[in-house]
Amino acid sequence: MLYINNGDMTFSEKTKAYGLDDNSHARQAAFLDYDLDGDLDAYLLNNKTDCTGPNIIRPKRNNGQMANTDKLYRNDGQFFTEVSLEAGIKKEGYGLWIATGDINQDGYPDIYIFND
Numbered sequence: 811m812l813y814i815n816n817g818d819m820t821f822s823e824k825t826k827a828y829g830l831d832d833n834s835h836a837r838q839a840a841f842l843d844y845d846l847d848g849d850l851d852a853y854l855l856n857n858k859t860d861c862t863g864p865n866i867i868r869p870k871r872n873n874g875q876m877a878n879t880d881k882l883y884r885n886d887g888q889f890f891t892e893v894s895l896e897a898g899i900k901k902e903g904y905g906l907w908i909a910t911g912d913i914n915q916d917g918y919p920d921i922y923i924f925n926d
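End of the sequence shown = 926 in the working numbering, gap-free, step of one.
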């Protein structure tokens, strides 16, 4: 859910209106300006165990289509557009926590993900 401040001490739920009506299993969201265009983009950290379970030994699925693959949404003004695949977010994970900041001091925010 995304709550927008109405400026009168109330908030309105606007997830669908802003394009963030994602039905994945988001555990946490982080807002940061990953593309340095002056607005906040959204990173959704997902954690969903599928029918095989997290403890079954199998190859990692890296096609970006798993329920436990994180998602990145670019803010295009008043609407967010999913850009996960073009940003290279393809590996499944069992997300637990997000940290953001310019870790390598190159002027761009970095996203550090802690997975189970």
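All C-beta atoms, glycine included, are put in the ideal place defined by N, C-alpha and C.
Checking 8 Å against the spacing of the C-beta atoms, do D920 and Y883 come in under that value? no
Ordered along the chain, which non-local residues of its own chain (more than five positions away) have a Cβ less than 8 Å from that of Y813? F821, S822, E823 and K824
For the beta strand (DSSP E) containing D886, list its first residue and its last residue. Boundaries for D886: no beta strand (DSSP E) harbours it, and the DSSP string shows neither H nor E there.
Proximity of G905 and N857 at Cβ, strictly below 8 Å: yes
Mind checking A840: buried by the 16 CB within 10 Å criterion, or exposed? buried
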